[in-house]
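Numbering (full-length UniProt numbering), first residue to last: 1 to 394.
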């Protein structure tokens with residue numbers, strides 16, 4: 001079956017054509033035609049369609065293969081606020097050693113280059129990845145600090161594997177346990193086949209960030225279930241792209257997502273069942289924990305309905321500030337699914353968000369519309385003590 005192409009006219013109704021096929025891959029096929037309203041387009045920030053190559057795809061109704069999805073590796077898109085690039089970071093970090101990875105280099109795989117970093121390393125080392133797809137699992141152990149993993153652009157450099165498990169760690173394509181880590185211009189992708197939602201082997205993590213003081217600039221993360229495991233520590237994500245379906249940013253990290261694009265893809269696994277995912281599942285469990293997810297000047301797009309977040313811990317803390325929310329955000333906004341306790345200690349907050357998904361009329365009772373004074377501590381880079389360790393920030 002041949003799918004119609006997206007219209008190219010600007011400032012017109014955006015069309016997204018999703019072609020689905022039956023489990024028998026027979027002629028029983030149908031089209032799902034989605035159209036954004038004029039009101040949404042009038043209020044919208046520039047669409048990610050101008051920044052990425054959006055693929056149309058066929059999905060078997062009985063299972064989802066991310067390889068069949070052909071998730072786009074997002075090309076770098078220059079904006080007026082993009083001040084941070086690879087040469088600047090390299091200059092700020094002032095590394096004394098570089099390792100180059102590529103098919104014609106001494107190190108053919110990313111893991112081989114990581115293995116070459118000495119244990120107990122205390123000086124910055126640049127591991128430069130030539131353009132290409134590195135199909136491997138990569139683990140940076142906790143005794144290999146101060147690594148700058150420099151790609152050739154998230155549209156040109158990708159680390160990809162296909163693994164799913166009942167254990168998030170075991171399924172991860174990329175794991176960093178070490179402190180003082182920086183990545184630039186890399187896509188991290190888990191393209192494992194995902195069965196019907198809620199089956200035992202549905203975790204398929206693209207990246208797990210478990211060290212302290214980690215920063216990602218102009219990177220992308222792709223998976224369907226549990227895309228980015230922001231496990232613990234202080235983290236910074238600037239101008240990144242995160243795509244997923246269910247709980248695609250989760251953990252108990254203390255993290256700022258600055259000027260990033262979050263995309264939710266609704267997947268029809270069965271014609272009788274609709275999956276309502278969530279962008280975040282933050283697991284702060286006590287008032288003493290400093291963890292929380294802050295999304296500042298981000299953009300949220302999607303196909304289908306999604307929550308901004310669900311409470312995974314008794315003190316779950318997530319804030320969306322000055323962020324564009326498309327109509328993919330369900331009117332309730334938030335859910336406490338998986339946490340059945342009191343909601344008094346949850347901080348599910350919004351501040352001056354815009355777009356059709358920011359309408360407040362049907363928000364859950366515990367969500368908060370924050371004042372400038374309330375939100376200010378979270379919007380400061382001091383929330384993650386960034387002035388002490390970040391090589392550069394927005």
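Each residue gets a CB set at the ideal place from its N, CA and C atoms; glycine is no exception. Model, not experiment: these values are computed from the prediction.
- Judged by DSSP secondary structure, residue 374 falls within the alpha helix (DSSP H) whose first and last residues are 372-379.
- Taking all protein chains shown into account, residue 360 has fewer than 16 neighbouring C-beta atoms within 10 Å of its C-beta and is therefore exposed.
- Residue 85 has no beta-bridge partner at all, per DSSP.
- Restricting attention to 344, 188 and 118, the CA atom closest to the CA of residue 156 is found in 188.
- Within the region 284-320, the complete beta strand (DSSP E) segments at least 3 residues long are 292-296, 299-303 and 306-311, listed from N- to C-terminus.
- Measuring C-alpha to C-alpha distances from residue 185 to each of 159, 173, 102 and 249 identifies 159 as the nearest.
- Cβ-Cβ distances below 6 Å link residue 323 to 295, 298 and 353 in the same chain, with the five nearest sequence neighbours on each side left out; the list follows chain order.
- Residue environment analysis places residue 119 among the exposed positions, since fewer than 16 neighbouring C-beta atoms fall within 10 angstroms of its C-beta.
- Looking at the backbone, the Cα of residue 108 and that of residue 373 are separated by about 51 Å.
- Rounded to whole angstroms, the separation of the alpha carbons of residue 95 and residue 317 is 36 Å.
- A check of alpha carbon separations from residue 132 across 105, 307 and 261 identifies 105 as the nearest.
- Inclusion of residue 277 and residue 245 in the CB contact set at 7 Å is warranted, their separation being smaller than that value.
- Within the same chain, 208, 209, 210, 251, 252 and 253 come within 8 Å of residue 231 by CB-CB distance, once the 5 residues on both sides are set aside.
- For residue 191, the number of other beta carbons within 10 angstroms of its own is at least 16, and it is reported as buried.
- Residue 215 and residue 392 have their alpha carbons spaced roughly 9 Å apart.
- Residue 170: member of the alpha helix (DSSP H) spanning 168-171, first to last residue.
- Note on geometry: alpha-carbon atoms of residue 311 and residue 280 lie some 8 Å from one another.
- Judged by DSSP in its simplified three-state form, residue 244 adopts strand.
- A direct Cα-Cα distance of roughly 11 Å separates residue 333 from residue 366.
- Residue 163: not part of any alpha helix (DSSP H); DSSP gives it neither H nor E.
- In this structure, residue 152 sits away from residue 163, with a CB-CB distance that is not shorter than 7 Å.
- Here residue 247 is buried. Its C-beta has 16 or more other C-beta atoms within 10 Å.
- Ranking 348, 236, 305 and 379 by CA distance to the CA of residue 181 puts 236 first.
- Within a 10 Å sphere around the beta-carbon of residue 123 sit fewer than 16 other beta-carbons, which makes this residue exposed.
- Straight through space, the alpha carbons of residue 239 and residue 84 are spaced by roughly 9 Å.
- Residue environment for residue 382: exposed (fewer than 16 other C-beta atoms within 10 angstroms of its C-beta).
- Partner residues in the beta bridge of residue 176, as assigned by DSSP, are 140 and 209.
- One thing to note: residue 148 has its Cβ within 7 Å of the Cβ of residue 93.
- 7 Å or more divides the Cβ of residue 135 from the Cβ of residue 102.
- Bounds of the beta strand (DSSP E) holding residue 220 are 220-222.
- Beta-bridge pairing by DSSP links residue 347 to 317.
- Each of 313, 358 and 337 was checked against the Cα of residue 345, and the nearest Cα belongs to 313.
- DSSP, read as helix, strand or coil, puts residue 230 in strand.
- A check of alpha carbon separations from residue 228 across 213, 262 and 212 identifies 262 as the nearest.
- In the structure shown, the three-state DSSP call for residue 127 is strand.
- Taking C-beta separations shorter than 6 Å and ignoring five residues to either side along the sequence, the partners of residue 217 in its chain run 84, 184 and 238, following chain order.
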